[in-house]
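Here's the structure we're looking at; comments come further down.
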Amino acid sequence: MSAGHEARPAPVGGSLFNATTLVCGVLIAIMASVVVVRLFFGLASVTNLNDGYSWGIWVVGDVFIGSALACGGFSVALLVYIFNRGEYHPLVRPALLGSLFGYTLAGAAITFDLGRWWNFWHIFWPGYFNVNSVMFEVAACITLYILVMWIEFSPVFLEKLGLHDARRKLSKVLFIFIALGIVLPMMHQASLGTMLVVMGDQVSPLWQTPILPLIYLLSAIIMGYGVVLFESCVAASAYRRQIEVPLLNPLAHVLLGVMALYLVARFADLIIRGALPQAFRLNFVALSFWVENLSFVAPFFLIGTAEARRNPARLFLAGIAVMLSGILLRLNGFLIGFDTGPGWSYFPSVPELLVTLGIFAAEVYGYIYITRRFPVLPREDGEALPARG
Amino acid sequence: MVNSRSDATRVEPSRREFLRSIVGAAGAAAAGTVSTTASARDTYQRPPEALGLLYDATLCIGCKACVAACKRANENPPEFSTADELWDTPLDTSGKTFNIIKMYRNGTMATKDAEIDGYAFMKTSCMHCADPSCVSACPVTAMTKDPKTGVVAYDPEACVGCRYCVVACPFGIPKYQYDSPTGKIGKCELCRNRKDKPGSYSACAEVCPTGATLYGRTADLLVEAKRRLALEPGTLTTFPRGRLGDGPDQGYEGHVGKYLQHVYGETEYGGTQVLKLSAVDFEKVGMPYLPPKSSASLSETIQHTLYGWLIMPALVLGGMTAIAWRNVPRDAEAGDEAKKGEDS
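Following this line, the structure appears as C-alpha cells:
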C-alpha cells in the first residue's frame, strides 16, 4: 500500500459532546451506581450468581471475552513487528487503543466481582501467590500487560504533549515493550483456556481438552484480527472516513490462514478424543456448539475470495462472525457447557448486564475521546474532517 | 516508519533472519518442553497420617444431628427453607452450612437403601481430596492442604474472593457468602479449629448416634470400609461409633448393609480422605464419577510445562525481542513519525 506515509496518525478532532458520548455517559453512570450497591450489600444484591455458577457475565463476559476482544493490538503487533509486515502499520495505533481500553476495563471489572477485593494485592505478594494456580498466571500476566500497553501507547501522548525528547528516548527501547506486548498476551490468553482444565468433567468434552491453551491462544489472535476488521469499518462509518480496504483485504487473508490452523486443531482434537458425538445430541449445548463453529466457518464463505475481501460489508460481517465465534467458545466453555450438578441455573440479572454495558460504554467513550484528541487514526488525505459522529 | 518497506534490499535478509530465529526459538522451545516435562506431576496421594471420615449410608438414619452439630461447631446461623422459619432447614451446603444429609427418593420409597421404590441418605461435605482442585486453583494460597493431616483448610484473611475454588471443585463444596459485602468462602475443615474441649474431633462424627459418620485416620477407615464390604449382607457385626481406634469403645452390634462393592474416595481423583459406602449407585446419590487422575495434576502439568521457571516465556521473549529489535525503528529520526510523515 503506497499510502503508508501519508497515513501517519492524526487526531480526528470534533466535539466530545454528541448523542453517542451522551448515551455512553448515562450508561457509565448507571454502572457506577450498580457497583456502589454491590460494594455495600454484596454480590447477591445485584447479581444472579450462585454456587453452581459462581462466575457470571462479569468474569466470563467482561474479563475472559473482553480481554480476547481486546487482542487487536497484540494480533496487529505480531503481524507488523514480528512478521515485519510494515504495510499494516496504520492499523497499529487504533488496534492498540482498543486493546488498551479492553484490558484496562477488564482489569477494573474484575475488582467489582472479587468477593474480597481489598486483598487483591495478595496475587502479587510472595508468600501469598500460588504458582500452581492458573488464575495467578492470568492475573499477574494481565496486570503486567496493561502496564506494558500504556507504555507502548505512550508515544501518542508524548507526541500530543510535544515531549519529543522523551518520545525519542522511549523509541530506543520501545522494541522491548513491543516484544513483551506480544509474549504476555500469548501467555495469559493461552492460560485463560487452561483455566477450564482443573474443572474436569464439569465442563462438556466439547470444550474440555488438554490442548485448551493452544485453542484459546489461536482464538484470541483470530478475534484480534476480527475486531480490527470490525473496528475499522465502524470507525470509518462513524467518522465518515475511507475504509482502509487496501489494508483490510490482505489482513483478512492472514486471518483466514490462522483460522484454518485453528479449525484443524479444534476438530482433530474433538475427533481424537472421541468427543464429537456430543455435538450430535439434541440439546442446547450441542446447538450452541454448532452456532459457535458455523459462525467460525462463515468468514470462509463471506471473504474467501480476494474479490469478496474488497467489499467492506463482507469484511464487516466476517469480523462480526469471528468475534461471535470467539465469544461463544468462551461462553460455552465457562457457562453453557459447564454443568456443576442438577438444580443450578444462571442467567445474568439486569444490573449485571448494565455493568457489562457500562464497561462497553466506557470503552467506546474512551476510544472516541482519544481518537478525537490524540494522534491515533491515520490522517485522511486532505484535511481531517470535523466529524460529527 | 518501517525501514524494510522503504528499503527493499532489507526485506530478504530480514525475512531469512526471521525464519532462522523462528527455527531457533522452536528448537529452544522443544528443548524447554523436554526439560520441563520433569515438571509433569503425578496425582498426589493421601499423606500417611491423613485424617478423615467414613460415612456409611446404610447406617445413616437421617436424624441430622450431624447437621446441627456442624452448625454449632462452626458458629453458623440457621438457614430456612420453610415458611415458618422455625428450624434450620438448609437444602444444600452453602457459605453458612458446611454439612447436610441429602435424601434419595424413588417410587413408593418403601425400602431403605433400595434403588427402586426406596430411599437412601447421603452426607454432603468436603471430601478432603488427596489432590484438591480448590488448592490448585486458589491464586493466593487461601486454600491449603495440611502436609500431615491432609485437612483442606481455608484462610479468609488471604482470600481475594475470586471463587475459582467454587468453580473448580468437582463436589461443589467451597461455597461463597453472596449476601455479604465481605463474604467469605465456607466449607468443612474437619473441625480443625475445635478447641472447646480436649479430645474433641469432627463434631459430625462425635454426635452421630449410629456410627454412620466415623472419624479417624483415613488409612484405618479404609480398612474398616473394606471389612464391611467383605461381610455377608444381613449378618451381624460390630460397628464402631465416634472415633476409630481411639477413645472409649462405643461399638454396637448391627446388621451388615447390601453395599455396592465400591469404597467411594479410595481412588477418586487420587483418593479422598472422606470415604463413603452406599447401597445405591453413587452417581444417583450425588457423588460424581471421577477418574483416578486428578484434574489438578493435569492443570499443573500444563501450566508448569508452559511456564515452569519461566523457561519457555523467556525463550519466546528472547526471540521476539531479537525480531522486534530488527523491525522496530530505534533511531531518533525514524522514531519521530511526525517528521518522517512530513518528509514523504
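If you're matching them up, the sequences are chains R and P in order.
The first sequence begins at -9 in our numbering and counts up by one.
The second sequence begins at 77 in our numbering and counts up by one.
Beta carbons are placed, not taken as given, at the ideal position from N, Cα and C, and that holds for glycine.
No experiment lies behind these values; they were computed from the predicted model shown.
Rounded to the nearest angstrom, the gap between the Cα atoms of R/Phe286 and R/Arg300 is 20 Å.
DSSP places R/Glu149 in the uninterrupted alpha helix (DSSP H) bounded by 124 to 151. Under the 10 Å beta carbon count, P/Val404 is surrounded by 16 or more other beta carbons and is classified as buried. Chain-ordered, the chain R residues with CB closer than 7 Å to the CB of P/Ala244 read Val188, Met189. In the structure shown, P/His338 adopts coil according to DSSP, grouped into three states.
Between the alpha carbons of P/Ala141 and P/Cys284 lies a gap of roughly 7 Å. In this structure, R/Met249 sits away from R/Leu59, with a CB-CB distance that is not shorter than 8 Å. Between the alpha carbons of R/Gly316 and R/Ile166 lies a gap of roughly 29 Å. Straight-line measurement puts the Cα of R/Asp103 at about 34 Å from the Cα of R/Pro365.
The C-beta distance from P/Ser170 to P/Glu155 rounds to 6 Å, short enough to meet the 8 Å contact threshold. Remark: C-beta atoms of R/Arg320 and R/Ile136 do not approach each other more closely than 8 Å. Closest in C-alpha terms to R/Phe337, from the list R/Tyr355, R/Gly51, R/Leu305, R/Val24, comes R/Gly51. By the CB criterion at 8 Å, P/Gly262 and P/Phe174 fall inside the cutoff.
Beta bridge pairing from DSSP links P/Phe197 with P/Met179. Between the region 371 to 384 of chain P and the region 175 to 194 of chain R there are three or more C-beta pairs closer than 8 Å, enough to call the two in contact. In this structure, the alpha-carbon of P/Leu297 lies about 39 Å from that of R/Gly46.
Selection P/Cys235, P/Tyr291, P/Thr258, P/Ala229 evaluated against P/Asn269 yields P/Ala229 as nearest (Cα-Cα).
Closer than 8 Å at the C-beta level to chain R, one finds these residues of the region 228 to 256 of chain P: Pro232, Glu233, Ala234, Cys235, Val236, Gly237, Cys238, Arg239, Tyr240, Val242, Val243, Ala244, Pro246, Gly248, Lys251, Tyr252, Gln253, Tyr254, Asp255, Ser256.
If you look at R/Arg256, you'll find it in the alpha helix (DSSP H) that goes 235 to 262. R/Ile172 has its alpha-carbon roughly 7 Å from the corresponding atom of R/Leu68. R/Gln192 and R/Tyr93 have their alpha carbons spaced roughly 28 Å apart. Using a Cβ-Cβ cut-off of 7 Å, P/Asn175 is close to nothing in chain R; its nearest Cβ partner there is about 15 Å away.
According to the DSSP assignment, P/Glu329 belongs to the beta strand (DSSP E) that extends over 328 to 331. Take R/Val27, set aside five residues on each side of it, and the residues of its chain with a beta-carbon closer than 8 Å to its own are Ser35, Val36, Pro341, in chain order. Assignment of P/Leu162 by DSSP, reduced to helix, strand and coil, places it in the coil class. The CB of R/Gly331 comes closer than 8 Å to the CB of Gly248, Gly362, Pro364 in chain P, given here in chain order. For R/Ala250, there are no C-beta contacts with chain P under 7 Å, since the nearest C-beta of that chain is about 19 Å from it. Close to R/Gln192, with beta-carbon spacing below 7 Å, are these residues of chain P in chain order: Pro246. Taking the CA atoms as reference points, R/Gly190 sits about 12 Å from R/Phe324.
For the region 191 to 215 of chain P, the residues whose beta carbon sits under 7 Å from a beta carbon of chain R are, in order, Ser209, Ser212, Ala213, Cys214, Pro215.
In this structure, the beta-carbon distance from P/Cys267 to P/Ala279 falls below 8 Å. P/Ser375 reaches chain R at Val124, Thr184, Val187, Val188, counting residues in chain order whose Cβ is nearer than 7 Å.
Excluding residues up to 5 positions away in sequence, Leu238, Leu241, Ala242, Leu245, Leu305, Phe306, Ala308, Gly309, Val312 lie with their Cβ nearer than 8 Å to the Cβ of R/Leu219 in the same chain. Per DSSP, P/Thr348 lies in no beta strand (DSSP E) segment and is marked neither H nor E.
Within the region 192 to 217 of chain R, the residues whose Cβ lies closer than 7 Å to some Cβ of chain P are Gln192, Pro200, Pro203, listed in chain order. By the Cβ criterion, the region 206 to 222 of chain P is not in contact with the region 179 to 187 of chain P, since fewer than three pairs of Cβ atoms, one from each stretch, lie closer than 8 Å.
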